[in-house]
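>
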Amino acid sequence: MLPRLPDFVDPWRLADSRRRLRASIPLARFPRLAEILVSNDGEAVCTLGFYRDGQRRTRVDVEVRALLQLQCQRCMEPVPVEVDARATLAVVEGNDEAGYLPDEVDPLMVDAGRLRPLDLVEDEILLALPQVPMHPAGACTVRIESMPPEEATPDKAGEAQAHPFASLSALKLRDV
Ligand SMILES: [Zn+2]
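Set out below in structure tokens:
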């Protein structure tokens, strides 16, 4: 069992001492994630590595792994989704500071000098989720009712040939 994350950390101090936090977090502790999970069971395992880069910027390497149960958007049954998210962020205190970052460096906005690691981990999980979670093609547990086109097409064509004036007579009936 890994230790719990502290509620708040000072990212600059952790960066100065090159601290690495490793923790496992029950999925039930992520309120935004809970809204889209089919089940709260399980946990996310994360590593947050703090350091200063060559420009003396405060950086955080984030790694998060979790196995989530989402709802398949095709059959509406649970679908397991594995998250393995990685990000390297630069800690900034406002938009001005974020503006100085090179394009390839993503900012991590920190308010009032303290960072809530739980929010950061939840953000990274949410960013890593598929837009439309689905089982692989053909793997849905519930069969979707739809006629395969190779069966449906000849039937329709045959009907049209057998009753060439069916639609015409329907029109006539409506006229009367
Ligand atoms: Zn499905």
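Each position in the sequence shown, counted from 1, maps to that position plus 887 in this note's numbering.
Ideal Cβ positions, reconstructed from N, Cα and C, are used throughout, including at glycine.
What are the start and end residues of each continuous alpha helix (DSSP H) run of 4 or more residues lying completely inside the region 947 to 982, in chain order?
Listed in chain order, there is nothing to give.
> Could you tell me whether any non-hydrogen atom of ligand 1 is closer than 7 Å to the CB of Val966?
Within the cutoff, so yes.
> To the nearest whole angstrom, what separates the beta carbons of Leu924 and Leu892, a pair I think is in contact under 8 Å?
Actually they are not in contact, since the Cβ atoms of Leu924 and Leu892 sit about 19 Å apart, beyond 8 Å.
> Between Ala850 and Pro1004, what straight-line distance do the alpha-carbon atoms span, to the nearest angstrom?
There is simply no residue 850 to check, as the chain begins at 888 and stops at 1063 in what is shown.
> Cα separation between Asp998 and Gln960?
The alpha-carbon atoms of Asp998 and Gln960 are separated by roughly 36 Å.
> Would you mind stating whether Pro944 and Ala931 have Cβ atoms separated by less than 8 Å?
Reading off the sequence, residue 944 comes out as Arg, not Pro. Against a cut-off of 8 Å, the Cβ pair of Ala931 and Arg944 comes out as no contact.
> Report the rounded CA-to-CA distance for Gly941 versus Leu988, giving the unit in angstroms.
Taking the straight line joining both Cα atoms gives about 13 Å.
> Under the three-state reduction of DSSP, which class applies to Arg916: helix, strand or coil?
If DSSP states are grouped into helix, strand and coil, Arg916 belongs with the helices.
> Which same chain residues end up closer than 7 Å to Pro890 when comparing Cβ atoms and leaving out the 5 residues on each side of it in sequence?
Contacts found: Ala910.
> Bridge partners for Phe937 per DSSP, in chain order?
In DSSP, Phe937 forms a bridge with Val947.
> Should Phe1072 be labelled buried (16 or more other beta-carbon atoms within 10 Å of its own) or exposed?
The shown model of the chain, from 888 to 1063, leaves out residue 1072, and the question about it has no answer.
> Using only Cβ atoms and a threshold of 5 Å, which residues come within that distance of a heavy atom of ligand 1? Order them by chain position.
In chain order, the hits are Cys959, Arg961, Cys962, His1022 and Cys1027.
> Tell me where the alpha helix (DSSP H) around Pro890 begins and ends.
Pro890 -> no alpha helix (DSSP H), and no H or E assigned at all.
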